[in-house]
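Residue numbers (the numbering used here), protein chains in the order written: chain A, 12 to 78; chain B, 1362 to 1544; chain C, 319 to 669; chain D, 2 to 255.
First comes the structure, then the notes that go with it.
Right under this line is the structure:
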C-alpha cells in the first residue's frame, strides 16, 4: 500500500499536484500553514499507487512518496 | 657620462632594429640603457623613430627633448628632429634620401653619409641602417664596435643569421665614413 | 649589474613577473598598447600547463578571471583604458566578493576611443573605485621595466593577503620601453591561506563567494569589513620613492612615467643649484598621504606633474592641506620632455 | 507478512531542506530538484561548483549544498569558463534566466558554447523578466503583454522571441542541447533525462551542454499556477518546440 507525505510547511498551495494525481487523492485544504498558504492535503483513502507524479510536479519539493 | 640619441626614418628602414642593437650593445658593456620606440599615430603613418639613452648612472627619463645626437634616414625626419639636437651635438644624415643642403644648423657636428648609395654598392640597399649605426658608434664611442657587432645576434633571427657577415661589413664601412664625412 | 640581465620590453616584464609569481591562468582581450602581454603568455602558459583564454570581450575576460580566481588559483588579465572601462563591472563584483586577482592597465588616452598615446588619465578610475559601490583596488604604479616585473610579483601576494583586486597602473610609455631586467625569480612564492576557495564541498561545508547581501544589516557589515581592509592597507602597504627630498624647497610629486621623466628634470635643477626633490608614490591606493603631510609641516612647495589635466594633484592637495601646490599637466599627445618640466621648475622655484 | 514500507521519492541530498523563496507554482523549484537529482545520481556533489546568475535564481547557494560563485548579470557563462579552466576536474554548471542568458549575456553564452567549454548551462525560459517585475524578455512571445510591452510584443518594435536552443545547437562546440518542459508526466520524465544527460556528458568531457526549461511565471503572467502550466503547454511549446536538438556521440578528436 502506497502513501504520500506532504510537508505542509514547504507547500505554497499552487495545486499543481492536484491536477496530476490519477486517483484525485490530493486537494487544497481549508487550513493555512505558517507562511499563510492553504496547503495541499492527501486524502488517505487507500487507492494511492505511489506513482509519484504529485512529487515530480511539486515546485517546492514538499512531497515524499512511500510504497 | 650620459648620451642620448634619436633615430628616425621611414618604417621599413630598420630604425627600430638599430635602436635595439645599440641598447643590446650598451647592455653587453654593463651600462644602463633605455630604449623607447616612438609611439603614437606616427607608427601608423609609415615613419619610425626611437630614442636610446646610454649612461654609467641609472637613467631618469627615457624621453629626451635635447638629444646628443640624431640619426636621420629621410627628409621628413630631418625637418622634424634637426632642431632638437643639443648645441654641439651630432647629426648623422642619410644624404641619399635627405640632401645635405636641407639642413639649417651650423652649431652641430655634421656627418653626411650617402648610406643608401653605399649600401647599393655593397649589393644590398637594406644595409643603409647598419652603415649609419656603424658611423654613429665610431663617432661617439658610446659603445665599442665589437659590442655593436655582438648585438647583431640578438636582433637578427637565426633564420637570417647568414646575413650577419654582410651587416658587420656595413657597420665597418659606416665607421670608415666618419673621417671622410666629418668636417 | 649581473650577467642574468636581459633587455626586456615593459609589457614582457609584466608577463614574466606573472609567470614567476606562479600565475598560470590568463584571460584577456587584445588591445593596443599591451598586446605583448597576451602574446607572450599565449606562448608560454600552455608549455607550463597553464590556461590562456582569449575571451570574446573584456567583459567576458574579467568574469572568467572572477571564476578562475574564485577557485584559489593565481589569475590575471591585462588591458588598456577602454578595455579597463569594460571591466569595471566585473571589478566591482570581484572586490565585493573578495576574490584576489591581478589586473594590468597599460593605460592609453581617452576619453572614448581617445588614442594610443601614453596617458595618466585613468588615475581617478584606478584609485577611487572605478565601478559602482564603495570599494578600492590596491593600485601599484611602476616606473621602470624592473619595477613592472617586481611589482607584478608583489601584486599577486598583496591580492591574496587582502583578498582584493590589485591593479598595476602603467601606460604606453613604460609598457613599450626596453630596459635591462634582472629576472629575480622568487625562491619561494609567498602565499596566503585559501580557506575561502571554491574547490567542491568535499568533507567540509559549502562555500559561497558572493556580493549580494539582502538580509538586514548584512551589507552594512560587509561594507565596514571592506573598509577595515582598506584601512589596513593604508597602515601597512604604502610605498613610495624619494629623491633629494631632505633639503628640498620644492618637491615634485609624480608617479609612473611622469615621475620617470621628472627625475631627469630634478637632476637638471640640482645641477643648477636648486633644492628640488622628487616624491614618487608607488602605491596610488593606499596613497602616501601621511608622508606628504610630514613634508607639508616644513616650509616646502609642491609641484605635481601628471600626464593628464590634473587628477592626483587633488590627492596631493588633500595630503598637504594649506601648502601651495603647483601643477603641470600634459594631456595625451606628445610626452613632456625633461627640459620642458625643468623650465616649469625654474618658473615656480622659490626666490 | 507485509513488506516494509520504502521511500520511493524523496528530496535529493544536494538540495538543502529549506523552503524556496520562489512564488507559488513557479517552475524553478522543479528545475532545481532535477539538477540536484542529477548531481546525486552521478555522485558529483563534492566536486561540483555552481554559478549563480542574476535574476530569481540568484539564491542558488541557499538551496544547493555545493560551492557556489555569484556572477554579474549575464556573465555566468564566462564565470563558469573561468572556474572550469582553473579546475577542469570539477563539475561546473550555471543556472540562468532568459534575461540573463539570452539578452545581456548572449555573447558570453554563444562564445562559451562555441569554445566547447565542458560545462552545463540550465536555462530557464519563462518569457519575462521575473525578478524585476515582468518586463519584456528576448523570449517574450509575439502579442504577449508585459510591463514594458503593454500593447503586446510587436515584431516591428521588439523583434521576435529568440530560440536559444536552436541557435546553440548549430555551434560545433555544443555537445548536447535540449528543450524541455514540465507540462505532462511524459515531458517531466523527458526533462529529467535531459538534465541527467547534460551532467553525464560533462562528466564524460564531451563538450558544452545546455538544457532550456520552459517555465511558468504565474505571478508576472497574472495567471494561476494551473493556468500557467496550460499556457506553457498551449502557447510556449508551439513556438519553442521540445526535444533534443543536438547530441554528440563522442568528443571531437581533431
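For each residue, glycine too, the CB sits at the ideal point set by N, CA and C.
Only a predicted model underlies this, so the values are computations on that prediction, with no experimental measurement involved.
Test: residue i CB closer than 8 angstroms to a CB of chain B
i, result
"residue 567 of chain C", "no"
"residue 525 of chain C", "no"
"residue 593 of chain C", "no"
"residue 585 of chain C", "yes"
Below-8 angstroms beta-carbon distance, residue i vs any chain C residue
i, result
"residue 1403 of chain B", "Confidence in residue 1403 of chain B is poor, its pLDDT being 47 and thus under 50, which makes the residue's placement unreliable; the coordinate value appears in the next sentence. Taking Cβ atoms only, chain C never reaches closer than 8 angstroms to residue 1403 of chain B, which makes this a no."
"residue 1395 of chain B", "yes"
"residue 1369 of chain B", "no"
"residue 73 of chain D", "yes"
"residue 1423 of chain B", "yes"
"residue 82 of chain D", "yes"
"residue 66 of chain D", "yes"
"residue 1 of chain D", "No answer is possible for residue 1 of chain D: the residues shown for chain D start at 2 and end at 255."
Neighbour flag for residue i against chain A, beta carbons, 8 angstroms
i, result
"residue 7 of chain D", "yes"
"residue 236 of chain D", "no"
"residue 30 of chain D", "yes"
"residue 2 of chain D", "Low confidence applies here, because residue 2 of chain D scores a pLDDT of 47, under 50, leaving its location unreliable; read the following figure in that light. Output row for residue 2 of chain D: interface = no."
"residue 232 of chain D", "no"
Cross-chain neighbours of residue i in chain D, by beta carbon under 7 angstroms
i, result
"residue 57 of chain A", "The premise fails here: residue 57 of chain A is roughly 14 angstroms from chain D at the closest Cβ pair, so nothing lies under 7 angstroms."
"residue 25 of chain A", "25, 26 and 226"
"residue 411 of chain C", "73"
"residue 520 of chain C", "47 and 48"
Contacts around residue i, its chain only, beta-carbon distance under 7 angstroms, and the 5 residues preceding and following it disregarded
i, result
"residue 561 of chain C", "581, 584, 595 and 596"
"residue 1401 of chain B", "Because the pLDDT at residue 1401 of chain B is just 49, under 50, the model does not fix this residue reliably, and the value given afterwards should be weighed accordingly. None."
"residue 529 of chain C", "411, 414 and 415"
"residue 255 of chain D", "At residue 255 of chain D, the pLDDT of 48 sits below 50, so the modelled position is not reliable; the number obtained from the coordinates is stated separately. If we look at residue 255 of chain D and ignore the five residues flanking it on each side, it has no Cβ neighbours."
Sheet register partners of residue i (DSSP bridge)
i, result
"residue 656 of chain C", "DSSP, once it has assigned bridges, lists no residue as partnering residue 656 of chain C."
"residue 424 of chain C", "C:488"
"residue 1465 of chain B", "Answer by DSSP bridge pairing: none, since residue 1465 of chain B is not bridged."
"residue 1374 of chain B", "In the DSSP output, where bridge partners are listed per residue, residue 1374 of chain B has none listed."
"residue 1471 of chain B", "B:1452"
"residue 96 of chain D", "D:53 and D:123"
"residue 527 of chain C", "D:70"
"residue 177 of chain D", "D:210 and D:248"
Where residue i meets chain B, residues with beta-carbon distance less than 8 angstroms
i, result
"residue 325 of chain C", "1381, 1384, 1385, 1388, 1394, 1396 and 1515"
Cross-chain neighbours of residue i in chain A, by beta carbon under 9 angstroms
i, result
"residue 112 of chain D", "Those within 9 angstroms of residue 112 of chain D in chain A number zero; the least Cβ separation is about 32 angstroms."
Delimiting residues of the beta strand (DSSP E) encompassing residue i
i, result
"residue 1393 of chain B", "1393–1398"
"residue 123 of chain D", "121–126"
"residue 456 of chain C", "456–458"
"residue 1490 of chain B", "No beta strand (DSSP E) holds residue 1490 of chain B; the alpha helix (DSSP H) holding it covers 1489–1501."
"residue 245 of chain D", "244–248"
"residue 548 of chain C", "First-last for residue 548 of chain C: 536–554, but that is the alpha helix (DSSP H), not the beta strand (DSSP E)."
"residue 443 of chain C", "Looking at the DSSP string, residue 443 of chain C is not in any beta strand (DSSP E); the run it does join, the alpha helix (DSSP H), is 441–445."
Close-in-space but distant-in-sequence residues of the same chain around residue i (CB under 6 angstroms, 5 per side omitted)
i, result
"residue 480 of chain C", "547"
"residue 1404 of chain B", "For residue 1404 of chain B, the predicted model reports a pLDDT of 48, less than 50, meaning its position is unreliable and no value from the coordinates is stated."
"residue 531 of chain C", "537 and 540"
Closer than 7 angstroms at the beta carbon, the chain C residues around residue i
i, result
"residue 129 of chain D", "Per Cβ cutoff of 7 angstroms: no residues; residue 129 of chain D is ~21 angstroms from chain C at best."
"residue 1426 of chain B", "655, 656, 657 and 658"
Proximity test, Cβ basis, 8 angstroms: residue i and chain D
i, result
"residue 37 of chain A", "no"
"residue 374 of chain C", "yes"
"residue 540 of chain C", "no"
"residue 401 of chain C", "no"
Cβ-based neighbour list, residue i, same chain, cut-off 8 angstroms, excluding 5 preceding and 5 following
i, result
"residue 1459 of chain B", "1433, 1434, 1435, 1436, 1438 and 1439"
"residue 156 of chain D", "143"
"residue 1453 of chain B", "1430, 1431, 1432, 1433, 1472, 1474, 1493, 1496, 1497 and 1500"
"residue 1477 of chain B", "1455, 1457, 1458, 1486 and 1489"
"residue 1382 of chain B", "1494, 1509, 1512, 1513, 1515 and 1516"
Partner residues on chain A for residue i, Cβ-Cβ distance less than 8 angstroms
i, result
"residue 215 of chain D", "Per Cβ cutoff of 8 angstroms: no residues; residue 215 of chain D is ~14 angstroms from chain A at best."
Partners in chain D for residue i, counting only beta-carbon separations shorter than 9 angstroms
i, result
"residue 353 of chain C", "Ordered by position in chain D, no residue passes the 9 angstroms Cβ test against residue 353 of chain C, which lies about 19 angstroms from the chain."
"residue 415 of chain C", "70 and 71"
Residue i Cβ short of 7 angstroms to the ligand NAD heavy atom set
i, result
"residue 47 of chain D", "Ligands are entirely absent from the displayed structure, and the ligand NAD is therefore not among its contents."
Chain D residues whose Cβ lies nearer than 8 angstroms to that of residue i
i, result
"residue 382 of chain C", "79, 80, 82, 83 and 86"
Enclosing alpha helix (DSSP H) for residue i [first to last residue]
i, result
"residue 394 of chain C", "That residue, residue 394 of chain C, is in no alpha helix (DSSP H); its beta strand (DSSP E) goes 393–397."
"residue 16 of chain A", "No alpha helix (DSSP H) holds residue 16 of chain A; the beta strand (DSSP E) holding it covers 14–17."
Neighbour list for residue i in chain C, Cβ cutoff strictly below 9 angstroms
i, result
"residue 176 of chain D", "Correct list: empty, because the minimum Cβ distance to chain C is about 19 angstroms."
Under 8 angstroms by beta carbon: chain C residues contacting residue i
i, result
"residue 147 of chain D", "Correct list: empty, because the minimum Cβ distance to chain C is about 25 angstroms."
Within chain B, the residues that residue i reaches when beta carbons sit closer than 9 angstroms
i, result
"residue 579 of chain C", "1421, 1422, 1423 and 1424"
Under 7 angstroms from the C-beta of residue i: neighbouring residues of chain A
i, result
"residue 11 of chain D", "75"
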